[in-house]
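Read through the structure below, which is laid out as structure tokens, and then see the notes.
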Amino acid sequence: MDTVTNNHNGQASQTLEKIERVRQARRNKFYLREERITLSHGSGGKATHNLIEGIFAPAFANPMLDRMDDAATFTPGPGTQRLAFTTDTYVVSPLFFPGGDIGKLAVYGTINDLAMAGAEPLYLSTGFILEEGFPIADLRKIVTSMATAAREAGVSIVTGDTKVVQRGKADGLFINTAGVGLVRTQATPGQDQLRPGDKILLSGPIGDHGIAIMLAREALDIENDIQSDSAPLHTLVASMLEAAGQDIHCLKDPTRGGVATSLNEMAMASEVAVMLDESAIPVRPQVRGACEILGLDPLTIANEGKLLAVVAPTAAEAVLQAMHAHPLGREAAIIGTVQTEPPSMVFLRTDIGGKRVLDMLVGDPLPRIC
Amino acid sequence: MKFVDEYRDSALINSLVKEITRLSEGKSFKLMEVCGGHTHTIYKHGITDLLPGNIDLVHGPGCPVCVLPMGRIDDAISIARTDGVIFTTFGDMMRVPGSTGSLLDARAEGADVRFVYSPLDALKLARQYPDRQVVFFAIGFETTTPSTAVTLLRAQAEGIKNFSIFCNHVNIIPAIKAILDSPDLRLNGFVGPGHVSMVIGMRPYTFIARDHGKPVVISGFEPLDIVQSVYMLVKQLSEGRSEVENQYTRVVQPEGNVRALQAMARTMELRPFFEWRGMGFITHSALKLRAEFADWDAELRFNVPGIRVADPKACQCGEVLKGVIKPWQCKVFGTACTPETPIGTCMVSSEGACAAYYNYGRFLRNSSAGTDLSSSPSNSAGTDLSRPPEHGKLSLQK
């Protein structure tokens with residue numbers, strides 16, 4: 015029995031040492047080992063981070079970019095209002111899917127990136143890469159959908175560009191959009207602003223977009239009526255800011271990589287721990303069912319009309335009520351809290367009461383979802 | 097959600113944990129869960145965190161991706177690089193490193209590698225592209241072997257000639273035998289694989305209980321299944337019994353699935369020996385296609401190098417697979433070897449002990465993490481704990 019105990023102690027200290035080594039490695043390991051781009055680099059998960067931190071961030075480095083938020087915010091001159099600026103490219107396949115299409119996604123995606131900076135979206139640009147042979151009827155449908163989406167969201171598409179490439183050099187069409195907005199809050203929400211004690215709020219059920227695309231594409235013969243949640247979040251953000259603008263420390267729309275990846279990014283940028291309660295996280299039964307069958311975790315699946323808000327504990331109830339009063343936040347819930355230790359980690363209290371680490375998405379279960 | 101929530105009832109799980117704690121007091125037990133699916137559930141739901149410290153769950157060799165030696169990956173990549181080939185595989189296999197990169201790397205360099213959910217999807221591709229050679233990278237234990245067998249029978253019936261199978265199917269029993277015979281291991285019992293047993297039944301495990309005196313409980317894959325199986329093992333041990341018991345009665349029949357076994361026997365036969373990652377060559381542990389199906393055998397159709405490649409020196413997957421060390425005790429765990437840049441196979445599949453531990457379990461056992469989440473629902477269930485839950489009968493305060 016004694017030797018067993020000794021072994022245990024030895025093991026414990028060895029383990030602690032190991033933990034520290036892994037933690038160090040985890041912090042320092044945004045580097046690129048691959049010699050070629052693989053689809054994982056587009057997943058929004060770890061490989062994407064390695065690509066960005068290994069190539070783009072060092073090359074373009076500046077204080078605005080280094081914050082790595084969804085949109086850059088800046089004041090163009092003395093006495094002027096703060097602006098937010100962002101861009102995003104859309105390569106989703108299929109182009110039309112239950113609950114939306116690539117055009118709607120391109121408009122709402124950029125609106126949401128601006129909204130996450132606390133900005134009111136104003137103007138968008140758009141660029142099209144078209145493949146030779148692409149049906150004009152489809153293009154017309156997509157452009158009409160973009161126009162409707164922009165009009166309904168109250169933004170104007172004010173400039174654009176078109177390129178055509180030979181057949182086989184692009185898959186139908188790709189769309190880029192960029193956007194400018196006016197920042198409506200005095201505070202500067204950002205992923206490095208999380209403080210211990212803060213509450214994590216989620217605006218509604220997760221995983222709808224990713225699963226809708228997957229089922230539309232992979233011909234899995236799973237009967238369902240899951241729709242993409244693609245929606246513009248700027249009015250929801252506006253009412254949240256109105257409720258407690260100063261106390262919202264971070265806003266993020268968990269797109270590629272899902273809630274798990276977004277929260278890991280925040281935990282790392284703010285050097286705090288995040289504790290989630292799995293049973294508090296809303297997931298539609300159909301999405302949960304599909305995830306169970308396919309072996310996916312809803313927490314790593316993409317959303318296109320949901321947001322995460324990190325709010326000071328005193329204001330959490332007020333913000334939650336404001337969300338509940340908005341059509342896009344009716345099913346909002348408080349899903350976790352921010353803690354001090356251990357820094358840069360996200361934990362999940364599982365549905366059965368166990369605890370586990372919740373890591374970023376690794377690899378890519380599902381390329382080209384947006 | 098129906099048929100899921102019933103098996104994640106925290107009150108019921110807690111009452112089982114209490115019983116496990118009571119029965120095992122003053123003793124310590126090492127139990128091996130043979131199947132990678134169990135390892136995944138254990139970590140995904142934080143089960144180690146719920147069990148008392150004297151119950152040590154050791155992760156066994158039942159992860160099909162993990163046990164494949166490097167040389168076979170190299171063979172697969174060589175087939176995938178052949179002109180005109182569409183190489184199909186399960187998603188996990190894409191990232192497994194061979195001696196010169198993975199299938200994912202081969203794809204980035206131009207090979208046509210696609211992932212499928214079933215060998216029948218691969219056969220569909222063969223019908224769709226009659227001028228291409230479609231190869232399916234068949235891996236797995238008795239769980240996936242029947243679907244490969246059925247696909248072969250269908251290819252034969254339809255006379256589809258541009259389709260072949262790179263067969264790497266393995267059998268679980270010889271691996272368990274090898275573990276039992278290995279001198280550096282002390283185990284008290286086994287959580288038996290559920291889906292494998294659905295095919296092979298309960299009889300093949302008898303020798304473990306009879307000759308080696310270790311109890312076996314065949315288990316389902318939900319958290320409650322596993323906790324109950326641990327309870328049943330601890331109960332056997334505390335009563336000095338060693339039997340093969342079935343916790344997964346809703347799926348596993350004692351005689352297995354006779355039709356599946358017949359399809360396997362029709363299409364495949366035992367290889368004299370097969371190399372397992374980290375465990376070396378094990379006799380009669382894997383399957384190859386029968387001569388009647390030689391036309392669909394990728395190993396005969398393509399020029400396969402078949403060179404044995406030694407595992408990377410730093411990699412301790414073999415010790416992990418045999419349960420000799422825990423994932424985090426490996427020299428490269430979490431530092432040089434991570435899920436995004438794996439050195440060893442155990443770090444690739446979500447069923448691999450290292451990947452499961454890296455993704456879900458790190459830091460939990462000995463760190464200060466999660467102090468504010470320690471409260472757990474109290475137990476007030478007075479149910480018969482040894483009876484498996486049945487659909488519709490499980491309604492505790494709900």
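Chains W and B, in that order, are what the protein sequence lines are. Counting in the numbering used here, the first sequence runs from 15 upward without gaps. Counting in the numbering used here, the second sequence runs from 97 upward without gaps. Using N, Cα and C, we set each Cβ at its ideal position, and we do this for glycine too.
is_contact[residue i, chain B] using C-beta, thresh 8 Å
i                : result
Asp365 (chain W) : yes
Glu306 (chain W) : yes
Gly368 (chain W) : yes
Arg50 (chain W)  : yes
Lys213 (chain W) : no
Val371 (chain W) : yes
Val81 (chain W)  : Contrary to the premise, residue 81 (chain W) reads as Arg rather than Val in this sequence. False, the Cβ-Cβ gap to chain B never drops below 8 Å.
Lys177 (chain W) : no
Arg298 (chain W) : no
Arg270 (chain W) : no
Met254 (chain W) : no
Arg47 (chain W)  : yes
CB contact below 8 Å: residue i versus chain W
i                : result
Val354 (chain B) : no
Asp145 (chain B) : yes
Ile109 (chain B) : yes
Asn284 (chain B) : no
Thr196 (chain B) : no
Gly115 (chain B) : According to the sequence provided, residue 115 (chain B) is Glu. The question's Gly does not apply to it. It does not; no Cβ of chain W falls within 8 Å.
Arg210 (chain B) : no
Ala410 (chain B) : no
Gly316 (chain B) : no
Ala204 (chain B) : yes
Pro160 (chain B) : no
Glu436 (chain B) : yes
Leu221 (chain B) : no
Gly440 (chain B) : no
Assumed close pair residue i, residue j - CB separation to whole angstroms, cut-off 8 Å
i                : j                : result
Asn258 (chain B) : Ala234 (chain B) : Their Cβ separation, rounded to whole angstroms, is 17 Å, which puts Asn258 (chain B) and Ala234 (chain B) out of contact at 8 Å.
Val197 (chain W) : Gln260 (chain W) : The Cβ separation is near 14 Å, so there is no contact.
Leu127 (chain B) : Val340 (chain B) : Wrong, their Cβ atoms sit about 15 Å apart, outside the cutoff.
Gly186 (chain W) : Phe148 (chain W) : 6 Å
Leu87 (chain B)  : Thr52 (chain W)  : Any property of residue 87 (chain B) remains undetermined from this structure, which presents chain B solely from 97 to 494.
His263 (chain W) : Arg209 (chain W) : 6 Å
Thr185 (chain B) : Phe211 (chain B) : 6 Å
Met289 (chain W) : Gly350 (chain W) : 5 Å
Asp102 (chain W) : Gly123 (chain W) : 5 Å
Glu134 (chain W) : Ala252 (chain W) : 7 Å
Ala382 (chain B) : Arg367 (chain B) : 5 Å
beta-carbon residue i near the ligand ZN non-hydrogen atom, thresh 7 Å
i                : result
Asp115 (chain W) : By its list of ligands, the structure shown contains no ligand whatsoever, and the ligand ZN lies outside what it can speak to.
Environment of residue i [buried if 16+ CB atoms lie within 10 Å]
i                : result
Val325 (chain W) : buried
Glu199 (chain W) : Before going further, note that residue 199 (chain W) is Thr rather than Glu in the sequence given. The residue in question, Thr199 (chain W), is buried, as its Cβ has 16 or more Cβ neighbours within 10 Å.
Ile175 (chain B) : buried
Asn284 (chain B) : buried
Gly182 (chain W) : exposed
Lys500 (chain B) : For residue 500 (chain B) there is no data in the structure shown, the boundaries of chain B being 97 and 494.
Asp84 (chain W)  : buried
Asn76 (chain W)  : exposed
Tyr344 (chain B) : buried
Phe70 (chain W)  : exposed
Gln229 (chain B) : buried
Glu355 (chain W) : exposed
Residue-level contact to chain C via CB, residue i, 8 Å cutoff
i               : result
Lys60 (chain W) : No chain C appears in this structure, whose protein chains are W and B.
Which runs of the beta strand (DSSP E) at least 3 residues long sit entirely within the region 59-135 of chain W? Give them in chain order.
Correct list: 86-88 and 97-104.
Return the chain-ordered ranges of every beta strand (DSSP E) run that is complete within the region 342-383 of chain W and spans a minimum of 3 residues.
Unbroken beta strand (DSSP E) stretches of 3 residues or longer found wholly inside the region 342-383 of chain W: 347-353, 359-363 and 369-371, given in chain order.
Are at least three pairs of beta-carbons, each pair with one atom in the region 226-240 of chain B and one in the region 369-379 of chain B, less than 8 Å apart?
For the pair of segments examined, the region 226-240 of chain B was found not to touch the region 369-379 of chain B: the number of CB pairs separated by less than 8 Å stays below three.
Three or more C-beta pairs closer than 8 Å, one from the region 442-458 of chain B and one from the region 157-177 of chain B: is that the case here?
Touching, yes.
What residue ranges within the region 305-359 of chain B form continuous alpha helix (DSSP H) runs of no fewer than 4 residues, ordered along the chain?
If only uninterrupted alpha helix (DSSP H) runs of at least 4 residues are considered, those enclosed by the region 305-359 of chain B are 319-334.
Contact between the region 138-149 of chain B and the region 365-373 of chain W (3+ Cβ pairs under 8 Å):
With a cut-off of 8 Å on Cβ pairs, the region 138-149 of chain B is in contact with the region 365-373 of chain W, counting three or more such pairs.
With three or more C-beta pairs closer than 8 Å as the rule, is the region 148-163 of chain W touching the region 265-281 of chain W?
With a cut-off of 8 Å on Cβ pairs, the region 265-281 of chain W is not in contact with the region 148-163 of chain W, counting fewer than three such pairs.
Segment contact flag, the region 325-338 of chain B with the region 265-279 of chain B, C-beta cutoff 8 Å, min 3 pairs
Flag = no, the region 325-338 of chain B and the region 265-279 of chain B do not touch.
Between the region 346-365 of chain B and the region 222-232 of chain B, can you find at least three pairs of beta-carbon atoms closer than 8 Å?
With a cut-off of 8 Å, the region 346-365 of chain B and the region 222-232 of chain B do not count as touching, because too few Cβ pairs lie within range.
Along the chain, which unbroken stretches of the alpha helix (DSSP H) at least 4 residues long are found entirely within the region 273-351 of chain W?
Under the rule that a run must span 4 or more residues, the alpha helix (DSSP H) segments found entirely inside the region 273-351 of chain W read 299-308 and 330-338.
Where are the beta strand (DSSP E) runs, 3 residues long or more, that stay fully inside the region 139-179 of chain W, in chain order?
With a minimum length of 3 residues, the continuous beta strand (DSSP E) runs that stay inside the region 139-179 of chain W are 170-179.
Can you find at least 3 beta carbon pairs, one from the region 342-362 of chain W and one from the region 288-305 of chain W, that sit closer than 8 Å?
Cβ pair count under 8 Å is three or more, so yes.
For the 8 Å Cβ check, are there 3 or more pairs between the region 213-228 of chain W and the region 336-346 of chain W?
Enough Cβ pairs lie closer than 8 Å, so yes.
Touching or not, the region 316-336 of chain W and the region 410-428 of chain B, by the rule of three or more beta carbon pairs under 8 Å?
Cβ pair count under 8 Å is below three, so no.
Cβ contact (3+ pairs, closer than 8 Å) linking the region 130-140 of chain B and the region 99-114 of chain B
No: the two stretches stay apart, fewer than three of their Cβ pairs being nearer than 8 Å.
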